[in-house]
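Residue numbers (this note's numbering), protein chains in the order written: chain G, 3 to 220; chain L, 3 to 220; chain V, 3 to 220; chain S, 3 to 220. Ideal Cβ placement from N, Cα and C applies to all residues, glycine included.
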DNA sequence: AATGAATGAGATTTCATTCAT
DNA sequence: AATGAATGAAATCTCATTCAT
């Protein structure tokens with residue numbers, strides 16, 4: 003808030019944010035390790051190498067930790083997806099492809115944490131739930147914009163671009179949700195390529211099909 | 003099973019299956035009501051208007067109840083989807099459409115129960131989990147067959163029909179998973195129409211596009 | 003009570019006693035089978051092939067069943083031990099031996115039921131407990147009398163005949179209590195012989211040792 | 003274990019072992035108080051003046067508590083019996099006497115806890131049961147050795163020394179098992195004297211009877 | 001006389017949260 | 001700032017007992 007900070011306060015805040023990170027990482031690690039989303043505060047403390055009590059200094063409750071883990075993943079989207087889009091250059095179709103790939107890769111790297119959103123109902127309160135939903139929707143925005151650009155440039159056919167964007171998010175999540183099924187035949191790269199081809203085939207305007215031939219064959 | 007049943011035994015069995023149904027319905031109702039997939043045995047007993055102990059006469063454990071609720075939904079797929087396909091006539095593309103519609107409608111009628119599959123990891127044991135996965139995969143089969151027929155007849159382009167089938171299942175589930183999002187702009191019929199159009203646009207062979215114009219405009 | 007009974011009443015009583023026997027046998031069977039003394043009323047009903055409700059027509063409570071099973075074993079002592087003594091002829095030392103053998107054999111035939119006495123504390127009320135203790139003490143009486151006779155005839159040395167009698171009862175019980183230990187080296191016949199030899203060696207008057215040589219070498 | 007301990011860790015361990023002792027004592031106290039070997043976790047918590055949850059910090063399960071109580075008694079044997087033997091000097095017969103006395107006195111001091119072994123079947127798992135049996139058998143060893151020494155020196159007659167040792171253990175347990183009977187006529191000292199006299203009369207070699215006259219008259 | 005469905009209290013166990021140190 | 005012992009409510013499951021049929 004204030005631009006000039008008491009150095010002690012700054013140090014404290016730095017330590018605090020470091021602690022938060024340490025705890026969040028431990029939580030993510032624990033989830034990937036146990037494969038279960040049922041993580042007790044005691045187990046989290048043990049994994050993070052701190053005491054239970056300390057967790058409550060940084061997070062008000064278990065729900066807060068859960069919320070933070072989820073937010074953490076969502077934040078990763080906010081970082082990675084725009085970066086991937088920027089890297090993809092000006093072509094909106096390739097930007098869509100890059101965005102979807104980035105989504106999938108983030109999810110692949112935090113599979114169990116990503117699934118946490120699908121359990122919120124129980125643990126989290128209405129307010130937190132609402133917050134997550136807003137963040138998730140915001141997360142689709144770069145994708146939606148790339149799609150809109152493609153439509154504006156005539157490279158994509160104009161049809162339900164909102165729905166399409168959300169479908170792509172869902173298919174990215176599906177890599178975590180139905181990993182047990184997809185992993186039988188695909189690895190993450192194959193998955194991205196196949197799903198992208200499938201989705202784009204219905205979207206790319208006929209006169210541009212040749213140009214995106216590399217994307218359209220899964 | 004046997005042709006001649008002791009009437010008492012028959013009556014008892016009828017009562018027993020009625021009880022199971024009552025409990026399963028209560029479980030489903032409770033989920034829809036609380037919006038939560040976490041149902042305690044106490045709460046279930048209260049909702050069903052019976053005692054805790056009685057549940058254990060019909061289901062060996064909480065896992066059994068959960069498994070039964072899930073199986074119940076999956077069984078509904080097994081009934082409704084083939085029926086819808088049969089009603090749709092011989093055209094494989096229209097059969098795909100009918101199958102997807104049936105999926106979505108079953109899920110719409112049991113939204114929270116349908117989500118139970120996405121929590122299995124915690125509650126259910128490995129065996130039960132495996133069982134559910136098998137059932138789910140089996141559930142996609144009619145859809146996969148209709149797609150294969152469409153490809154064989156040249157009405158659909160041959161591309162990853164397995165993946166397509168599973169994607170359609172996922173999009174049906176998405177109606178429950180992301181209901182809070184989709185319901186802002188779509189009702190169940192609109193959702194089915196839009197998703198179907200989107201998926202089919204990438205699948206229908208060019209020379210048949212005109213024939214399925216009604217399906218292709220979401 | 004009344005000497006002349008209504009035939010219906012007599013028939014009913016006969017049926018009732020038959021039922022009791024059926025239930026008691028089932029209880030004993032169940033205990034030997036599961037090896038555990040924790041027998042639920044449901045399990046007992048199943049084993050006996052009757053309904054739970056019916057047990058309560060013949061026994062007021064679970065404690066009553068337990069008490070009856072215990073009494074049943076004790077009654078068997080009351081029958082078998084005097085019979086064995088009678089068969090053993092006039093010699094009091096041999097009568098002692100016969101009594102101990104009978105004790106051990108009854109216990110061997112109902113090992114787990116015999117152990118029930120050692121659990122009474124929990125389940126049974128004070129009154130029932132008292133009743134069992136009295137019966138158990140009464141059960142030692144034939145043995146005590148045979149010992150007393152032996153002392154009176156000068157064949158046994160006079161020393162703590164009460165304690166000796168109870169010790170013999172205990173050693174018989176020990177066959178059930180510590181069966182896991184004794185069965186490593188002895189069968190029931192060997193056990194009886196060895197224990198008897200050990201006990202009698204301290205009891206038989208020196209001038210009669212030769213006469214009972216067969217009993218004194220375990 | 004390690005020579006230099008972190009004082010905090012050492013203090014914590016001390017506190018922890020103090021808690022264990024407190025809980026074990028409470029368990030023993032509860033058993034003596036209620037006269038019952040069945041102790042619920044709630045009751046144990048109440049008796050110890052702690053919460054239920056805390057018990058689970060020190061013992062993994064109810065079985066663990068039970069096992070610990072039993073082990074506690076058995077450990078007392080391991081301490082007291084060899085000590086008593088050592089105090090008794092070189093004479094093996096007097097060492098046998100001292101060992102038996104020590105057994106009986108330990109049992110007298112923890113009567114109900116000592117009986118716990120006779121309930122193991124129900125509560126404890128197979129492994130724990132096995133463990134207890136081994137410990138019990140190990141417990142007889144000092145007695146067995148003293149007997150063997152006596153035989154080797156020709157002071158005791160060679161006959162079933164294994165069985166004799168176990169019988170003496172049983173007679174010690176009998177003080178708890180049949181306390182209600184023996185207490186009518188004997189106190190613990192009288193019991194020890196009488197039982198010892200009885201057992202030794204059959205064991206002491208004729209030429210040494212005079213030497214042990216004090217032990218042989220109960 | 002007989003059934004067995006139904007009850008509900010009670011048992012064990014887990015775990016989010018607090019608080020004295 | 002940090003600890004971790006302690007709490008106690010809640011969850012699952014069992015089983016003696018009752019009662020309508």
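Have a look at the DSSP bridge pairing and note the partners of residue i.
| i | result |
| --- | --- |
| residue 2 of chain S | Summary: the structure shown does not reach residue 2 of chain S, with chain S confined to residues 3 through 220, and so no result is reported for it. |
| residue 158 of chain G | G:206 |
Do you know offhand how far residue i's Cα is from residue j's?
| i | j | result |
| --- | --- | --- |
| residue 51 of chain G | residue 118 of chain G | 23 angstroms |
| residue 135 of chain L | residue 62 of chain S | 35 angstroms |
| residue 32 of chain S | residue 191 of chain S | 26 angstroms |
| residue 156 of chain L | residue 71 of chain L | 40 angstroms |
| residue 75 of chain V | residue 133 of chain V | 14 angstroms |
| residue 30 of chain G | residue 26 of chain L | 35 angstroms |
| residue 177 of chain V | residue 194 of chain V | 9 angstroms |
| residue 82 of chain G | residue 68 of chain S | 56 angstroms |
| residue 99 of chain S | residue 23 of chain V | 47 angstroms |
| residue 162 of chain S | residue 60 of chain L | 57 angstroms |
| residue 226 of chain L | residue 86 of chain G | Outside the modelled stretch of chain L, which goes from 3 to 220, sits residue 226 of chain L, for which no answer is possible. |
| residue 128 of chain L | residue 180 of chain G | 16 angstroms |
| residue 185 of chain G | residue 111 of chain G | 14 angstroms |
| residue 109 of chain S | residue 115 of chain S | 8 angstroms |
| residue 3 of chain L | residue 18 of chain L | Because residue 3 of chain L sits at a pLDDT of 42, beneath the cut-off of 50, its placement in the model cannot be relied upon, and the point is left open. |
| residue 48 of chain G | residue 36 of chain G | 14 angstroms |
| residue 182 of chain S | residue 167 of chain V | 16 angstroms |
| residue 213 of chain S | residue 130 of chain V | 48 angstroms |
| residue 39 of chain S | residue 196 of chain S | 28 angstroms |
| residue 21 of chain L | residue 57 of chain V | 26 angstroms |
| residue 97 of chain V | residue 97 of chain S | 35 angstroms |
| residue 209 of chain L | residue 113 of chain L | 38 angstroms |
| residue 211 of chain L | residue 153 of chain G | 21 angstroms |
| residue 165 of chain L | residue 207 of chain L | 18 angstroms |
| residue 107 of chain G | residue 41 of chain G | 24 angstroms |
Could you give the first and the last residue of the continuous alpha helix (DSSP H) run that contains residue i?
| i | result |
| --- | --- |
| residue 64 of chain S | 64-89 |
| residue 99 of chain L | 94-111 |
| residue 60 of chain G | 54-60 |
| residue 49 of chain V | 43-50 |
| residue 164 of chain V | 163-179 |
| residue 40 of chain L | Run containing residue 40 of chain L: none; DSSP gives neither H nor E here. |
| residue 218 of chain V | 215-218 |
Could you check whether the Cβ of residue i sits closer than 7 angstroms to any heavy atom belonging to the ligand FMN?
| i | result |
| --- | --- |
| residue 195 of chain V | By its list of ligands, the structure shown contains no ligand whatsoever, and the ligand FMN lies outside what it can speak to. |
For the stretch 96-111 of chain S and the stretch 121-140 of chain S, state whether three or more C-beta atom pairs, one from each stretch, are separated by less than 8 angstroms. Touching, no, given that fewer than three Cβ pairs across the two stretches are closer than 8 angstroms.
Count the CB pairs spanning the stretch 139-146 of chain S and the stretch 142-151 of chain V that are closer than 8 angstroms, and state whether there are at least three. Result no; under three Cβ-Cβ pairs closer than 8 angstroms.
Would the stretch 154-168 of chain V count as touching the stretch 77-89 of chain V if we require 3 or more Cβ pairs under 8 angstroms? Output reads no: the stretch 77-89 of chain V does not touch the stretch 154-168 of chain V.
Is the stretch 163-172 of chain G touching the stretch 83-97 of chain G in the sense that three or more CB pairs, one from each, lie closer than 8 angstroms? By the Cβ criterion, the stretch 83-97 of chain G is not in contact with the stretch 163-172 of chain G, since fewer than three pairs of Cβ atoms, one from each stretch, lie closer than 8 angstroms.
Please confirm if the stretch 10-29 of chain S is in contact with the stretch 193-203 of chain V, defined as three or more CB-CB distances below 8 angstroms between the two stretches. Two segments are said to touch when three or more pairs of C-beta atoms, one from each, lie closer than 8 angstroms; by this definition the stretch 10-29 of chain S does not touch the stretch 193-203 of chain V.
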